[in-house]
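Single-structure report; data block below.
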Amino acid sequence: MAEKGSKKDVAATNPRGIPYAPFVDKVEDYVTSRADVETTLKKFQEMISKYQFMETNKQRAAVGHREKIPDIQKTLDMVQFLKTRKPGSDPMEATFELNDTLFAKANVPPTEEVYLWLGANVMLSYPIDEAEELLTTRLATAKQNLVNCEEDLDFLREQITTMEVATARVYNWDVTMKRKEKQEQDALESTGKDGSSNG
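Heads up: the sequence shown begins at -7 in the numbering used here, then just goes up one per residue.
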């Protein structure tokens, strides 16, 4: 029985752990009196800010993946090309980039190993088959991460919209309650004036 209670307490999330925004169908479920309106609106605004922060981070991550994927694909294509070259064939002449504006020519003989940049100024030598396997895995991972980022961005936009609607509903409920109270107060005042003139 304790397990059932703890499962109910856990908020529903998307596959990567981003919580769903609460949908406010009845404002009375969140606000019991007008005194609660301000704290509820603050909580909702805080949730919107958190979703917007996550959205910004996911946008940055998606940009990074979009930049990485072509680089990985280009490197994989080159490794696959080098793999097709047979030992004993003539070296090929290649132009390669040293810097953004500096290129060099080199004669590349057939080879059984390649050097890959791993990042953080680290380069390692790999046999061609291992390099191809590593790059294929990295490419698939980068593509999957991009898909996940795009799904999360869509999800976050929905949650932000849901929270904005919830905020508007609570605010509108508060305005309606203020009007009701004012009408009740005006009715009491007019009843009081009518009663004193008859007395």
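Cβ coordinates follow ideal geometry from the N, Cα and C atoms, glycine included. The structure displayed is predicted, hence computed values, not measured ones.
CB contact flag (residue i, residue j, <9 Å)
i: D144; j: K50; result: yes
i: G32; j: V162; result: Sequence inspection shows Thr at residue 32; the Gly mentioned does not correspond to that position. Result yes, Cβ atoms of T32 and V162 sit closer than 9 Å.
i: E85; j: V71; result: no
i: Q151; j: I61; result: no
i: P119; j: E105; result: yes
i: L138; j: R58; result: yes
i: V16; j: V157; result: yes
i: R26; j: E181; result: no
Local Cβ density within 10 Å of residue i, reported as buried at 16 or more and exposed below that
i: S189; result: Low confidence applies here, because S189 scores a pLDDT of 48, under 50, leaving its location unreliable; read the following figure in that light. Exposed is the call here.
i: T154; result: buried
i: W195; result: The first residue shown for the chain is -7 and the last is 191, placing residue 195 beyond what the model contains.
i: M39; result: buried
i: A96; result: exposed
i: V55; result: exposed
i: A3; result: exposed
i: Q134; result: Note that residue 134 is Ala in the sequence shown here, rather than Gln. Under this definition A134 is a buried residue.
i: A132; result: exposed
i: A98; result: exposed
i: V29; result: buried
i: A(-6); result: At A(-6), the pLDDT of 43 sits below 50, so the modelled position is not reliable; the number obtained from the coordinates is stated separately. The residue is exposed, with fewer than 16 neighbouring Cβ atoms inside 10 Å.
i: Y107; result: exposed
i: A13; result: buried
i: V240; result: The structure shown does not extend to residue 240, since the chain is modelled only from -7 through 191, so no value can be given for it.
i: T5; result: exposed
Endpoints, beta strand (DSSP E) assigned at residue i
i: N49; result: Note, N49: premise wrong, no beta strand (DSSP E); alpha helix (DSSP H) at V29 to T76.
i: S117; result: V114 to P119
i: F95; result: F95 to V100
i: L108; result: E105 to G111
i: T87; result: M84 to E89
Nearest-angstrom Cβ-Cβ length linking residue i and residue j, presumed shorter than 8 Å
i: L127; j: I64; result: 6 Å
i: Q37; j: T159; result: 7 Å
i: R8; j: N140; result: 6 Å
Short CB-CB distance (under 9 Å) between residue i and chain B
i: D82; result: Looking at the structure shown, chain B is missing, and only one protein chain is on hand.
Quick check: the segment 111 to 131 against the segment 62 to 81, are there 3 or more CB pairs under 8 Å?
-> yes
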